Each structure stands twice: as C-alpha cells, then as structure tokens.
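Enquirer: My structure is below; once you've seen it, I'll send some questions.
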Amino acid sequence: MPIPFTSGLPGLDKVFKGVMAGDNIVWQIDSIEDYQALVLPFAEAAAGQNRRLIYFRFASHPPLLPEDSPAEVHHFDPHTGFETFTTHLHQVIEEAGYGAAYVFDCLSGLAGAWKSDQMLGNFFVLTCPRLYELETVTYFALQRNAHSSFATDPITETTQYLLDIFRYNERLYIRPVKVQYRSTSSMNTIHLWEDADTFPPVTRSALIAEILASASWPGLHADRRLGFWRRSFSDVPRILAESRAGLCPKEKEINLFMRLARQMLSRDGRMLELIRRYMSLEDILSIRDRMVGIGFIGGKAVGMLVARAILKKENSRFHELLETHDSFYIGSDVFHTFLVRNGIWWIRQKQRSPEAFLADIAEAQTRIRQGHFINYHMEQFMKLIDYFGESPYIVRSSSLLEDNYGNAFAGKYDSVFCVNQGSREARLDMLLNAIRHVYASTMSENALRYRNQRGLLDKDEQMALLVMRVSGQPADNAFYPHAAGVGFSYNPYVWSREIDPKAGVLRLVFGLGTRAVDRSDDDYTRVVALNAPSRRPESNFDEVCEYSQRRMDYLDLAANKLLSGYFSDIGAKNKDMPLPLVASSAGGGMLGKGPRHWIVTFDRLLSQTPFVEDMKEILQTLQMAYEHPVDIEFALNFMGDESYRINLLQCRPLQVEGVDEVALPEVEIASKDMILETRGAVVGKSRILTIDRFIYVVPALYGELPVKERYEVARIIGRLNRLTDRENCNLMVMGPGRWGTSSPDLGIPTHFAEIDRVRVLCEVVTMRKNLIPDVSLGTHFLNELVEMNMLYLALFPEGEGNELKESLFLNAPNRLTELLPDMEKWQDMIRVLDTSLVVPEGTRITLMADAVEQRVVAFLDRRGG
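Position one of the sequence shown corresponds to residue 127 (our numbering), numbered consecutively onward.
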C-alpha cells in the first residue's frame, strides 16, 4: 500500500483531511518567508518518505530550500519565453513520472517575465492537470492581490487547493479558499498555526476581522473598466501624497473629498456635513476598494461608517472597544443595471405615480427573483464569496433614502442572513438569492405604501446593499453573538420617575439581534434605562422570570439557516462565555437540588462591567455629533473572559418627540364621566387630545373567532384606517391583545400600513392572563409608532387603577356599515363610534396622557371650549 502524502505538519494535514495524491496546493502569500515556512516541512517530509523531490527554480527571490536539501533543483529562465519555459519544465515532469513531490518558486515572477497575467494562467492550466494525472503533490505560491482575473480565475478553477496564509501580530494563520472533493466544517475557516500538530480554527468574529483587515486587500476593482468612475479617482493618490508632504492646499483636498462623497456616499446636506467632519479621502478609497459595481453605497452603510468614524475621532479608546468591521458595499448602479437587464425598469417607473404605485408589483417581484446578473458583477460576487470563506454574513438593504434625517424606513426593506456553508457554488447561490430577495423587497406593498405616505414615490430611491460579517462565534453548530440589541439616545418609554429620558434606553437580547428589532410575539426582551439600569418594569423576581427572554435566534451551521431555540438548550450550555454576566440562576428545583435554571437578565453585565457607561457614551457622543437623537443597532461579544467588544452595526437619526414638554392640567373627573383609565405601558410624549372617532374590537367576540376570520378583522381595520383623514380626525383604536402581531391568538394581525392613520393605539390585555404588553422598544414596529407620533398604551381591565366603560362602545350607534356597507356581519364585533354623535352638545371626549406618570385617562369633558 503506498505511503500517503503529508504536508509535514500533522495539524495541517487534519485541516486538509489528508493530503491526497494529485493535489495541487496554491498558497496566496504576502511574503516569500511565509511560503518558505510551509515549503520546508513539506520538503523534509517528502525526503523522509524517500519520494522524488523536485524544486523548480526560476524566480528572483531567495531559494526556498537550503543548499543541503536532497531535492533535485531545476533552473529555468522564464525570459526565454512562455513556450520554451513550459516545454522544458514539462519534460522534467514527464521524466519524473508518478508519485513525485514538487516545489515551485513563486509563480508571480512568470507574469512579470511574460508581461502577461493571461500567460501565467495558461501555464497553470497546462501544468496543474498533468501533475494531477501523475498523482503528485505540488506546492505553488502566488503573490496575493498582485494579479488580474486573467491569472487568478484559471488558477482558482484548475487547482485542487487554494489557500491564504496571513501573518498577524507575528503569528501565522492559514485559510482554505477553495477545496476540492472534501469540503467540511473546518474548510473555509481561518486556522492559527500554533505548532506542527495544532491548527485550531479561529471562531471569534473580532479576531477574524482583525486578521483579514490587516492583510493586503486590493478591493473588488469595481472601476476596472469604467472610464468615468475610474477617472473620478485618478487624482486621489497624488493629492494624498502631496497632502502628506504638506504640498497640497487643504481646500483642494477637501474639494476632491466632497466631490467623491457626493458621488458615492450621500446627497443629503446634513449627512454630507457629518461626512466632511469625520471622514477622509483614505476612507473614500477604502470604500471604493470594497465595492461591487459603482454608484452610491446607501444610507445604512453611510450611517454605520460615519458613526464609527465619529466615535473613533471623539475618543481614542473606541478604537479598542469597537469590533473591527470588514464590510462590502454593492453599489446602487448594480440595482439599476439588474432592473434594466431583466425587463423590470418600466414596472419600477410606474411606481413613481400615486395612482399606480401598486400596479404589477407581483410580476416585478417574480422577475427579480428569477433575474440574472451581468458577468462582470458575477466575477466580483465570487471574489466576495472567497473573501468570507464559510463565515456567516448578512446582506442588508442600504437604499439612498434609508436611515437619513427624516426617513428611517425601519423594517420596510429586508435583510437576509447567509449562513454560508457548503461548496463555493452553493455559497454563491446563497449570495445571489439574498441580493434578489432584498431587491424584491423594494417593490413590496409595505415599502411602497410607506414611500407614498411620506411623499417619496417620485424621489430617486436606488437600492445599494451592505454586506456585513455576522458578529459572533460558533458554539457547537450554533453561531450567534453573546448579546445584541438596539439603543435610543432618547428614551420614549419612561415608566418611572427615576428614569431620565435624555440618558437613553436599550432593548437587549441574547443571541442575534433579530429578536430586538423584530417583534417576537412568543417572548420578551430586557429594556434598560441607561440612567437606572436596575430599574425594571417588572416588580419582583417572579415577574422577571416570567417576562424574561426564553428563546434566542441563531444561525445553525449544520442546517444552513436562521433558527430560534430555547436559551436553556443553547446559550446556557455555552462554556466559552461568562454565563453569569448574561443570566441569573433561578435555583435548582426543590430544596435547591437538581440542575440550575438560568434566566436571561443581563444583571451582572449591567451592574459589574462598564457596559452601561460605554453605551451611554456611545449614544451621547453620536447624538452630539448628529445634533439629533439617534437610534443604533449593536452586538456584543466576550473575548474569552469578562472583557468584550461592541460591534456597531447601524446608526440613524431617531424620529422622536420629547415626553415631557406638555404641561397637563389638574382635572377632577366624575366617575360617571370616566371612559377609560390605565396605568403602565405608555409610550410616546405626554399630550392632550380630543378623540373624534373610536374603533373598538370587542374582546369577548374576537376571542371566539377562528384564526382565518381574525385575519379578516385586521383587513377591515385597514379599510377603516384608509378612510380616515389623520390631520382632521383624531382616531383611537382599541382591541384585544397585541396590535401588529404575527400570531392571531395573541392579538389582531394588522400590518402597520393598516393602522398608520391612528393617533392613539390601545391594547386591551385580555387575550391571555400571562400575556403582558411588550412595549417593543427598538423594534421596527415601535419605530413606526414613534415616527408617526402615535401614542401607545395598554389597558388592564382587571388591574388596579384601570377602568374601561365598555357599555359606551357596545351601546352607542355603530357607523361600520355606513362606512363599509358590505360589513354587516361584523357590526357586533367591530364598533365604530364618532364621538360627536354620542356625547351631549357642548361636551367632548378628551384623552390626557402623562408619559412620566405612565397614566392615561379618557373622559367626557364638560368644561366647554
């Protein structure tokens, strides 16, 4: 039986899952010394196995093998020409026959000698398959980022192995980029070379990003064949060099910088001012080098980059605290090109008209999901896939209008996680499908109604994309960060007098932040007032246990998809993090025996680490720079101990009004005049309103409905909503359980567009005894409430200090069938009351909301005026 090949490094052999006869192994290197470190043990092992070892020497760099090496050294001069060089080299290969081991000098010198990357590619295509057929094992090297696709594409397609070797902080790391026939979970992962026997995988996103960010990176060369775009940047290297030498007037550099910023970052004047103050020409070049296609990178990408620049410029310690990002940007012109090439452009043009903006959206979305990308973009997508290997990433919407002052677009466009496991081709398909999915979301009814409502249909709304590494690390097959959430620099939910709304608030979850930004009807989150982090809405530990997060979102590396599971089954069993910082023990069964039960509370993270102060400083620093309250998304990862890094994922202006600028008068209300009183769960600013119309969904009747008919109720509410003139009619909508829920057994499953003309939204807590209102801070749902200055409140009919005069809604004239004549079957359940028809002349129904005291009353106001 033939002796198996080896790299000479047992730990590397395990990464390879064995070195097989026929393997061609190409190392992408930054220095010849790194390549030599791999060649020496390989050559020594081959000699030790009495293999024929052949070294082809043709480059100008120092020899890879020492003079006393037993290798046969064959010298060739590439300057004799491609044909002569290749012929002579192949003669040696044919003479050596089967089973030899080969070492080649770095191939990059061949391209220099032949003045052609294409000829280097041709040489490899001729040589590699023959070495494979002769069951050899061969080491090649290529200077990383030194060659065009005319060389790299045929090499990548032909070789069995393509690997990166990186040097970071004087340690070597290797990463398989392409592997043939034996892709496993260890492939496409960075491995640390600890010693000959040990190559452990690097799993922490922070370290992965630092390693890759430190390596040379030429960018995606989005401008390779684009004349205007390329010319736009032609002066940048010279201007930068002159600036560093003190030879360039500052005004000239700023003018060039701002011209490029307007070309690829933003058109918004206030964002451009932030860009001017905190970003640089070097930043522009870095962005360009990580772009697919050309055009703008969009509001979400700009917000993330500007926020990071603000923090690092204002306080140097944020350089260490913030996790490094290595994101990519798919330019807005890729979106337009895609629409044109796939016959979608004219459908898109119809959407600029308020009369026809919903026309043909189903056809448009179908064409998008089946659409194709041009070859040049496909080449760049493949490079992006190779960069990430099998690390998870997320494709995020980043449109021109998104996350700018005045338009949050919260939840209007989709983002797609790519778990990114499998073959190179499968991973490319995941990326392309994710891009198509986000593109299709631009033509969803939800997004188009939002644009119509805000007068944005005729605005230039191009979709760029932000491709970000998912922050976190794997535990078994589950990949997730140790904490994630959203933060507001201004707190619109003040449930106690101890809370200062100007200190900010967090909505914190364990695992992926999807549970913080999307409403989770089956669970709860931790809401943290940053000036009083220990002050919870719950009153005792039993309530804390009942209303704490139970489920977590994570990426399942085996299933290759986003999943949810119980914290007790996944997070609580992670031995690579300080569990007591994120969870509290609820004891261990009867008499304290049995396994400990962990409850997600984040108590020690909030009380025994600098996390609260760090988040306060981040939010206040950003608010001062923006001169406006801000809304951020973030993730947190522990670094093997109780230290951590924070990954700032998003920053945008928060469309919020204060909670304390309205002085509420003292009013004595007779019990007979009280219509509604509630204490607790009030979100929005204090206010006084005259209610013109109520829509009341009768809880007792709704609770008897089958699921299908509950969806019908939601659609009817939407129709009534669209009949309302928000500027001239103060509409209050009341119903059982949660509005906007995805679970009809928990409430009324309206879309936000079906309640967007409402002034006051009330959840009557009657669906389940153990269901408390989720104030949903930081979710897309709450962002929309805040953006519309809508008051949110919860009514507990059986709770102390709560009252509802339901007889008024059941007995007053119901206008439902006047407004919707075909809805007669629903008139007992859906009650529509115009207050002018039910109150005595000279009176009105007034609602007074005190956000600080968390109290709302609605009453028959006999004061006149």
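Even for Gly, the Cβ is constructed at its ideal location relative to N, Cα and C.
A quick note: this is a predicted structure, and the numbers were derived from the prediction, not measured.
Based on the DSSP output, what are the partners of Tyr265 in its beta bridges?
Expert: If you number the sequence shown from 1, residue 265 lands on position 139. Answer is Ile151, Val229.
Enquirer: Can you tell me where the beta strand (DSSP E) holding Ala272 begins and where it ends?
Expert: On the sequence shown, residue 272 is found 146 positions in, with the first residue counted as 1. Careful: Ala272 lies outside any beta strand (DSSP E) and carries neither H nor E.
Enquirer: Could you check the C-alpha separation between Thr463 and Phe499 for me, to the nearest Å?
Expert: One-based indexing of the sequence shown puts residue 463 at position 337. One-based indexing of the sequence shown puts residue 499 at position 373. So the two alpha carbons sit approximately 8 Å from each other.
Enquirer: Could you pull out every residue in the same chain whose Cβ sits closer than 8 Å to the Cβ of Lys719, ignoring the five residues on either side in sequence?
Expert: Start at 1 with the first residue of the sequence shown, and residue 719 comes out as number 593. Bear in mind that a pLDDT of 48 at Lys719, under 50, signals an unreliable position, so the number given afterwards is only what the model happens to contain. None.
Enquirer: Between the alpha carbons of Asp290 and Lys538, how many angstroms are there, rounded?
Expert: Translated into positions along the sequence shown, residue 290 becomes position 164. Translated into positions along the sequence shown, residue 538 becomes position 412. When rounded, the distance between both Cα atoms is 39 Å.
Enquirer: In the DSSP assignment, the alpha helix (DSSP H) including Met916 goes from what residue to what residue?
Expert: The residue labelled residue 916 in the question sits at position 790 within the sequence shown. Note, Met916: premise wrong, no alpha helix (DSSP H); not H, not E.
Enquirer: Just the Cα atoms here: how many angstroms apart are Ser275 and Pro779?
Expert: Position 149 of the sequence shown, counting from 1, holds the residue named residue 275. Position 653 of the sequence shown, counting from 1, holds the residue named residue 779. When rounded, the distance between both Cα atoms is 41 Å.
Enquirer: Based on the DSSP output, what are the partners of Val145 in its beta bridges?
Expert: Counting from one through the sequence shown, the residue named residue 145 turns up at place 19. Answer by DSSP bridge pairing, in chain order: Phe131.
Enquirer: Using the three-state DSSP reduction, which class does Trp319 fall into: helix, strand or coil?
Expert: Here residue 319 refers to the residue found at position 193 when the sequence shown is read from its first residue. Of the three classes helix, strand and coil, the one that applies to Trp319 here is coil, per DSSP.
Enquirer: Helix or strand or just coil, what does DSSP make of Ser541?
Expert: Within the sequence shown, the letter at position 415 stands for residue 541. In the structure shown, Ser541 sits in a strand (DSSP, three-state: E or B).
Enquirer: Tell me whether Pro128 is buried or exposed, calling it buried when 16 or more other Cβ atoms sit within 10 Å of its Cβ.
Expert: Working through the sequence shown from its first residue, we reach residue 128 at position 2. Counting Cβ neighbours within 10 Å, Pro128 comes out exposed, since fewer than 16 surround it.
Enquirer: If we count the other Cβ atoms within 10 Å of its Cβ and call it buried at 16 or more, is Tyr692 buried or exposed?
Expert: Walking along the sequence shown from the start, residue 692 turns up at place 566. It is exposed - the Cβ of Tyr692 has fewer than 16 other Cβ atoms within 10 Å.
Enquirer: Given this structure, state the Cα-to-Cα distance separating Asp976 from Thr816, to the nearest angstrom.
Expert: Along the sequence shown, one-based indexing puts residue 976 at 850. Along the sequence shown, one-based indexing puts residue 816 at 690. Between Asp976 and Thr816, the C-alpha separation is close to 15 Å.
Enquirer: If you count every other CB in all the chains shown that lies within 10 Å of the CB of Leu849, and 16 or more means buried, which is it?
Expert: Locating residue 849 in the sequence shown gives position 723, counting from the first residue. With fewer than 16 Cβ atoms within 10 Å of its Cβ, Leu849 is classed as exposed.
Enquirer: Across which residues does DSSP place Gln776 in a beta bridge pair?
Expert: Within the sequence shown, numbered from 1, the residue matching residue 776 stands at position 650. Partner(s): Glu759.
Enquirer: Could you tell me which residues DSSP puts in a beta bridge with Trp865?
Expert: Numbered from its first residue, the sequence shown carries residue 865 at position 739. Paired residue(s): Ile874.
Enquirer: Check whether the Cβ atoms of Gly637 and Met678 lie closer than 7 Å to each other.
Expert: The residue you call residue 637 lines up with position 511 of the sequence shown. The residue you call residue 678 lines up with position 552 of the sequence shown. In this structure, Met678 lies closer than 7 Å to Gly637 by Cβ.
Enquirer: Within 8 Å, do at least three Cβ pairs link the region 146 to 158 to the region 247 to 265?
Expert: Touching, per the Cβ criterion.
Enquirer: Could you check if Pro923 is buried or exposed, using at least 16 other CB atoms within 10 Å of its CB as the buried criterion?
Expert: As a working mapping, residue 923 is identified with position 797 in the sequence shown. The residue in question, Pro923, is exposed, as its Cβ has fewer than 16 Cβ neighbours within 10 Å.
Enquirer: Mind checking which residues open and close the beta strand (DSSP E) that includes Cys888?
Expert: Counting from one through the sequence shown, the residue named residue 888 turns up at place 762. Run containing Cys888: 886 to 890, per the beta strand (DSSP E) assignment.
Enquirer: Can you check DSSP and say which residues form a bridge with Phe614?
Expert: Your numbering for residue 614 matches position 488 in the sequence shown. Note: Phe614 sits in a beta bridge opposite Val631, Asp757.
Enquirer: Should Glu481 be labelled buried (16 or more other beta-carbon atoms within 10 Å of its own) or exposed?
Expert: Numbered from 1 along the sequence shown, position 355 holds the residue referred to as residue 481. Classification for Glu481: exposed.
Enquirer: Could you please give the first and the last residue of the uninterrupted alpha helix (DSSP H) stretch that includes Phe211?
Expert: The residue given as residue 211 occupies position 85 in the sequence shown. Where Phe211 is concerned, the enclosing alpha helix (DSSP H) stretches over 208 to 222.
Enquirer: In angstroms with no decimal places, state the Cα-to-Cα distance between Asn940 and Tyr822.
Expert: Residue mapping note: residue 940 aligns to position 814 of the sequence shown, counting from 1. Residue mapping note: residue 822 aligns to position 696 of the sequence shown, counting from 1. If I take the Cα positions, the gap works out to 10 Å.
Enquirer: Run the CB neighbour count on Met741, radius 10 Å, all protein chains shown included, and call it buried at 16 or more, exposed below.
Expert: By 1-based counting over the sequence shown, the position of residue 741 is 615. By the neighbour-count rule (16 or more Cβ atoms within 10 Å), Met741 is buried.
Enquirer: For the alpha helix (DSSP H) containing Ile843, list its first residue and its last residue.
Expert: Taking the sequence shown and counting its residues from 1, one reaches residue 843 at position 717. Looking at the DSSP string, the run of the alpha helix (DSSP H) that includes Ile843 is 833 to 848.
Enquirer: In three-state terms, what does DSSP make of Leu164?
Expert: On the sequence shown, position 38 is the one that residue 164 refers to. Three-state DSSP puts Leu164 in a helix.
Enquirer: Keeping to the same chain, check which residues put their C-beta closer than 6 Å to that of Leu917; ignore five residues upstream and five downstream.
Expert: Within the sequence shown, numbered from 1, the residue matching residue 917 stands at position 791. The residues are Gly810, Val886, Ala975.
Enquirer: Based on Cα-Cα distance, which residue from Glu528, Ser412, Ala610, Gly598 lies nearest to Gln588?
Expert: As a working mapping, residue 588 is identified with position 462 in the sequence shown. It is Glu528 whose Cα lies nearest to the Cα of Gln588.
Enquirer: By Cβ distance below 8 Å, which residues in the same chain neighbour Gly353 in space, the five residues on each side in sequence not counted?
Expert: In the sequence shown, the residue the question calls residue 353 occupies position 227. With a pLDDT of 49 at Gly353, under the threshold of 50, the modelled position of that residue is not reliable, and the figure given next carries that caveat. The answer is none, since no qualifying residue turns up.
Enquirer: Output yes or no for whether 7 Å exceeds the beta carbon distance between Phe614 and Ile795.
Expert: The count along the sequence shown starts at 1 and reaches residue 614 at position 488. The count along the sequence shown starts at 1 and reaches residue 795 at position 669. Not closer than 7 Å, so no.
Enquirer: Consult DSSP for Arg575 and reduce its assignment to one of helix, strand or coil.
Expert: The residue given as residue 575 occupies position 449 in the sequence shown. Note: Arg575 maps to helix in three-state DSSP.
Enquirer: Note down, in chain order, each residue of its chain lying with its Cβ closer than 6 Å to the Cβ of Leu802, except the 5 sequence neighbours on either side.
Expert: Residue numbering aside, residue 802 sits at position 676 when the sequence shown is read from its first letter. Here the set comprises Leu930, Ala984.
Enquirer: In the DSSP assignment, what residue or residues form a beta bridge with Phe975?
Expert: Here residue 975 corresponds to residue number 849 of the sequence shown, with the count starting at 1. In the sequence on display, residue 975 carries Ala and not Phe. Arg813, Val982, per the DSSP bridge assignment.
Enquirer: In whole angstroms, give me the CA-to-CA distance for Gln154 and Ala277.
Expert: Sequence index remark: in the sequence shown, residue 154 carries index 28 (1-based). Sequence index remark: in the sequence shown, residue 277 carries index 151 (1-based). Cα-Cα distance, rounded: 13 Å.
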